[in-house]
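Peer 1: Here it is, the structure, as structure tokens.
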Amino acid sequence: MAKRTCIFFISLLVIFSGRALSQDTVTVPLHIRAGYDISSPVIKLVSHDLISYGVVASADMNESFAVSAGLRYTSFSTSEYSYDFSSRGISFVAGADYNFMKPKTAQGKYYAGIGLRYGISVYSEEAPRIIYSNPWGTGETSVPLSHHLGHYLEVTPGVRTELFPGLTIGWNLYMQLLISSGAGRDLKPVWMPGYGDATAGMTTGAEYYISVSIPYKKIRVIIKPKPVETEEEGEGGSGYITPASGSLSGGRR
Amino acid sequence: MTVLIGSLSCTVQTCYDDTDPLMNTLLLASGTGAEAKADSLRVIGFSETSDTVFVSQRSVSSFSVPLDPGNDISAFRIVINGTSDTVVIRYTRRPHLVAPECGYTILSSITSLRSTHNIIDTIIINSKSVDLNGEKNLHLFY
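Line by line, the protein sequences give chains A and B. Quick note on our numbering: the first sequence kicks off at 423 and runs consecutively. Quick note on our numbering: the second sequence kicks off at 237 and runs consecutively.
Laid out in structure tokens, this is it:
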């Protein structure tokens, strides 16, 4: 009898210890990236008005979130029939990116997600020639060189992949929302560095960048949470308890 | 940015915005302040070089004229029902970017005005800003 009781308890122990070990994990390397916007030379070929050079950097915080930042130098000048305009400055964006891909699929190499960034633009603008005309006649005036600080928000859906270990390439579309051009209502710049046409409340564009990627840490990510028995289990129901929140979930955490 | 620059460089940009700021004036009946239609109205802007007829209409209760963007002062001869008055308006000017495809225009802010009183009883500034919003700037009582 004592032997049977002992076997029964050992069996229970094996069953429960087996369940405790059933959660699956994947090791994800976290990276620091530094890159260059390679669309700049294309821009220079397409438009002689605009010169723009940008660098980007990001650091993975975990398997989904990364902090990101970018720095861009822009010089713009145009000569239209009724005005000449030029602006020049540096823009800086900082924010976070969220990767929608599952850690097992992304493996720390691939990204398909969305970023939200806050941007500031430190720039100067001038319009040395403005021609105006109305029934009184035609005249000429100018706007002298002035310095401003602009603010904008940037939403950036994008993709990125590893070309080979240590080198990634990616596309980002961006939709920018102007908070302030810093130049008042009358002298919004024709081109605000980092943003574009400041008379528009929203601008869109894209950047194409190549980055050096350095792994700095590896983390283990639970991809299949530990199953726990629920009250309904006896009737065929079951659920998973997430380690982070403790709430019941049927899919990826 | 590439997309944006591509579109900028490959298409001719057309201006769809209003670029002419006008000073809008409402004609009112002296005493009652009710809207008063003039049987005939002529508004002539005069400068050192030439006179320009801006308005020549019948049965009107308001009119709109541009201010001289090259000077801080504009003078108008306003002829209501055959009787003429002169109105001199002083203002400050500032350039305003309408849109990259439209260029700049000159907005004004009225600082003072004077008039003769042959038919005009009073003329007052209702809104100083002569811009693209179409506000009524002057109330002319006659």
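Where a beta carbon is used, it is the ideal one built from N, C-alpha and C, also for glycine.
(1) Looking only at its chain, what residues have a beta carbon closer than 7 Å to the beta carbon of glutamate 337 of chain B, apart from the 5 residues adjacent to it on each side?
(2) Assign leucine 333 of chain B to one of two classes, buried (16 or more other C-beta atoms within 10 Å of its C-beta) or exposed (fewer than that).
(3) Pick out whichever of A/Pro615, A/Lys466, A/Leu567 and A/Ala516 has its Cα sitting closest to the Cα of glycine 492 of chain A.
(4) For the putative contact between glutamate 584 of chain A and serine 461 of chain A, defined by C-beta atoms under 8 Å, what is the C-beta separation to the nearest angstrom?
(5) Around the C-beta of valine 612 of chain A, are 16 or more other C-beta atoms found within 10 angstroms, so that it is buried, or is it exposed?
(6) For tyrosine 252 of chain B, decide whether its Cβ has a neighbour in chain A, counting only Cβ atoms nearer than 8 Å.
(7) At the level of alpha carbons, what is the spacing between serine 474 of chain A and phenylalanine 498 of chain A?
(8) Could you tell me whether the region 529 to 547 of chain A touches the region 505 to 515 of chain A, using the rule of 3 or more Cβ pairs below 8 Å?
(9) Which residues, in order along the region 452 to 472 of chain A, keep a beta-carbon less than 7 Å from a beta-carbon of chain B?
(10) Does phenylalanine 299 of chain B have its Cβ less than 8 Å from a Cβ in chain A?
(11) At the level of alpha carbons, what is the spacing between isoleucine 286 of chain B and alanine 270 of chain B?
(12) Less than 8 Å between the CB atoms is what I'm expecting for aspartate 519 of chain A and glycine 530 of chain A, so what's the real figure, rounded?
(13) With three or more beta-carbon pairs closer than 8 Å as the criterion, would you say the region 448 to 459 of chain A touches the region 472 to 489 of chain A?
(14) Which of helix, strand or coil does DSSP assign to isoleucine 465 of chain A?
(15) Can you list the residues of chain A that threonine 347 of chain B reaches, using a CB-CB cut of under 7 Å?
(16) So, isoleucine 316 of chain B versus alanine 265 of chain B, is the Cβ gap smaller than 8 Å?
(17) In the DSSP output, which residue or residues are listed as bridge partners for arginine 642 of chain A?
(18) I'd like the list of long-range same chain contacts for lysine 364 of chain B, defined as Cβ closer than 7 Å, with 5 residues on each side in sequence excluded.
(19) Looking at the strands, I want to know which residues DSSP matches up with tryptophan 593 of chain A.
(20) Please report whether the beta-carbon of threonine 621 of chain A lies at a distance below 8 Å from any beta-carbon of chain B.
(21) Does the beta carbon of phenylalanine 282 of chain B come closer than 8 Å to any beta carbon on chain A?
(22) So does the region 585 to 597 of chain A actually touch the region 622 to 642 of chain A, counting three or more Cβ pairs closer than 8 Å?
(23) Thinking C-alpha only, which one of B/Asp254, B/Asp253, B/Thr255 and B/Met259 is nearest leucine 349 of chain B?
(24) Is phenylalanine 290 of chain B close to chain A, meaning its C-beta is less than 8 Å from at least one C-beta of that chain?
(25) Among B/Ala311, B/Pro331 and B/Arg330, which residue has its Cα nearest to the Cα of threonine 322 of chain B?
(26) For chain A, is any of its Cβ atoms less than 8 Å away from the one on glycine 306 of chain B?
(27) For tryptophan 558 of chain A and isoleucine 601 of chain A, what's the separation of their Cα atoms in angstroms?
(28) Residues of the region 539 to 550 of chain A in Cβ contact with chain B at a cutoff of 8 Å, in chain order, please.
(29) Take the Cβ of asparagine 354 of chain B as the centre, count every other Cβ of all protein chains shown within 10 Å, and call the residue buried at 16 or more, exposed below.
(30) According to a CB-to-CB cut-off of less than 7 Å, which residues of the region 319 to 347 of chain B neighbour chain A?
Peer 2: The answer reads as follows:
(1) Closer than 7 Å at the Cβ level, and outside the excluded window around glutamate 337 of chain B, lie Gln249, Thr250 and Cys251.
(2) Buried: at least 16 other Cβ atoms inside 10 Å.
(3) For glycine 492 of chain A, the nearest C-alpha among the options comes from A/Ala516.
(4) That belief does not hold up - the Cβ atoms of glutamate 584 of chain A and serine 461 of chain A are roughly 20 Å apart, past 8 Å.
(5) buried
(6) no
(7) The C-alpha of phenylalanine 498 of chain A is placed about 8 Å away from the C-alpha of serine 474 of chain A.
(8) yes
(9) Ser461, Val464, Ile465, Val468, Ser469 and Leu472
(10) no
(11) Before going on, a small fix: residue 286 of chain B reads as serine here, not isoleucine. Spanning the two alpha carbons is a distance of roughly 35 Å.
(12) No, aspartate 519 of chain A and glycine 530 of chain A are not in contact; Cβ-Cβ is about 14 Å, not under 8 Å.
(13) yes
(14) Isoleucine 465 of chain A falls in the helix class under three-state DSSP.
(15) Under the 7 Å cutoff, chain A gives no residues; its nearest Cβ is about 17 Å from threonine 347 of chain B.
(16) no
(17) A/Thr449
(18) These residues qualify, in order along the chain: Ser345 and Ile346.
(19) A/Val581 and A/Tyr630
(20) yes
(21) no
(22) yes
(23) In terms of CA proximity to leucine 349 of chain B, B/Met259 leads the group B/Asp254, B/Asp253, B/Thr255 and B/Met259.
(24) Contact with chain A is found for phenylalanine 290 of chain B, since one of that chain's Cβ atoms lies less than 8 Å from the residue's Cβ.
(25) B/Ala311
(26) yes
(27) 37 Å
(28) Ala549
(29) Classification of asparagine 354 of chain B: exposed, given that the 10 Å Cβ count is below 16.
(30) Arg330, Pro331, His332, Leu333, Ala335, Pro336, Gly339, Tyr340, Thr341, Ile342 and Leu343
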